[in-house]
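K.L.:
Just so you know, we're using the working numbering here: the sequence shown kicks off at 19 and counts up by one. Note that CB positions come from ideal geometry on N, CA and C, so glycine has one too. All of these numbers come straight from a predicted model, not from anything done at the bench. Encoded as structure tokens, here's the structure I'll be asking about.
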Amino acid sequence: MQTRQFVIEAVMLAAYGHLLVPNRPVQFLIPYTTIAELYEMRQSGERVMPDPEEDRLAKQQMDALIGFFETDLNKKKIERALSAPWRSSPPLLLQNNVACVIINAMDNMRYGEVFDPIETELILTSIREQAPLLTDQFEYVSRIIEHEIPVPIYDIEDFDYAMEQEPTPSGLNPKV
Numbered sequence: 019m020q021t022r023q024f025v026i027e028a029v030m031l032a033a034y035g036h037l038l039v040p041n042r043p044v045q046f047l048i049p050y051t052t053i054a055e056l057y058e059m060r061q062s063g064e065r066v067m068p069d070p071e072e073d074r075l076a077k078q079q080m081d082a083l084i085g086f087f088e089t090d091l092n093k094k095k096i097e098r099a100l101s102a103p104w105r106s107s108p109p110l111l112l113q114n115n116v117a118c119v120i121i122n123a124m125d126n127m128r129y130g131e132v133f134d135p136i137e138t139e140l141i142l143t144s145i146r147e148q149a150p151l152l153t154d155q156f157e158y159v160s161r162i163i164e165h166e167i168p169v170p171i172y173d174i175e176d177f178d179y180a181m182e183q184e185p186t187p188s189g190l191n192p193k194v
């Protein structure tokens with residue numbers, strides 16, 4: 019069975035537990051800056067989810083994900099990926115059927131007037147890796163569509179549907 023790939027922010031992976039129990043193998047491609055964002059969110063104490071109980075669980079998952087990335091072996095693999103622009107870590111096995119690949123994505127200001135640096139890195143990673151984006155941010159999706167950015171994008175709530183779609187996305191530009 020072919021492994022599905024999705025570009026995602028680290029905080030989304032922590033906030034949505036159902037992503038960790040897919041019905042087939044999946045690799046989450048995570049720009050490194052979104053991992054750094056996990057640390058910032060943890061320190062800020064701001065809410066991640068609107069519901070207090072969901073927020074508490076998401077923060078526990080964020081701590082667990084940070085711990086996973088900080089294990090000696092994973093930390094070493096991530097540090098090697100950070101040695102050059104667009105370098106990727108080897109897959110880091112998070113759970114059965116779930117692996118993370120950390121990418122040293124670089125914001126090249128290509129979409130800088132419309133998208134913030136992390137949003138731009140997600141878009142560029144999606145284009146470069148020819149993998150769809152997975153997000154819960156409706157306004158972000160709207161701007162991608164409005165500006166005709168050539169990336170497939172799925173709402174996190176449609177994850178099961180996205181897993182069943184053709185693994186080779188059509189309509190993507192070649193690596194940029």
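1. How would you write the range of the beta strand (DSSP E) that residue 49 sits in, first residue to last?
2. Which residues in the same chain have their Cβ closer than 7 Å to the Cβ of residue 52, if we skip the five residues on either side of it in sequence?
3. Give me the Cβ distance between residue 86 and residue 96, rounded to the nearest whole Å; I'm assuming they're in contact under 8 Å.
4. Short of 6 Å in beta carbon distance, which residues of its chain neighbour residue 191, apart from the five on each side in sequence? Order them along the chain.
5. Rounded to the nearest angstrom, how far is the Cβ of residue 43 from that of residue 115, given a contact under 8 Å?
6. Please give me, in chain order, every unbroken run of the beta strand (DSSP E) with length at least 3 that falls completely inside the segment 144 to 191.
7. Is residue 45 buried or exposed, if buried means 16 or more other CB atoms sit within 10 Å of its CB?
8. Kindly indicate which three-state DSSP category residue 113 falls into: helix, strand or coil?
9. Are the CB atoms of residue 78 and residue 33 nearer to each other than 8 Å?
10. At which residues does the beta strand (DSSP E) containing residue 22 begin and terminate?
11. Name the two residues that bound the continuous alpha helix (DSSP H) containing residue 74.
12. Report the CB separation of residue 47 from residue 24 in whole angstroms; it is logged as a contact under 8 Å.
13. For residue 132, tell me which candidate among 94, 158, 64 has the shortest Cα-Cα distance.
14. Could you check if residue 177 is buried or exposed, using at least 16 other CB atoms within 10 Å of its CB as the buried criterion?
P.N.:
Short version:
1. Residue 49 -> beta strand (DSSP E) spans 44 to 49.
2. Here the set comprises 27, 28, 29, 136.
3. About 11 Å; that fails the 8 Å criterion.
4. Bear in mind that the predicted position of residue 191 carries a pLDDT of just 39, short of 50, making it too unreliable to give a figure here.
5. Yes, they are in contact, since the Cβ atoms of residue 43 and residue 115 sit about 5 Å apart, within 8 Å.
6. Those beta strand (DSSP E) runs which fall completely within the segment 144 to 191 and span 3+ residues are 151 to 153, 171 to 173.
7. By the 10 Å Cβ count, residue 45 comes out buried.
8. Secondary structure at residue 113: strand, using DSSP grouped into helix, strand and coil.
9. The Cβ atoms of residue 78 and residue 33 lie no closer than 8 Å to each other.
10. For residue 22, the uninterrupted beta strand (DSSP E) run begins and ends at 22 to 25, by DSSP.
11. Here the alpha helix (DSSP H) through residue 74 covers 70 to 88.
12. Rounded, the Cβ-Cβ distance is 7 Å, consistent with contact.
13. For residue 132, the nearest C-alpha among the options comes from 158.
14. Answer is buried; the Cβ neighbour count reaches 16.
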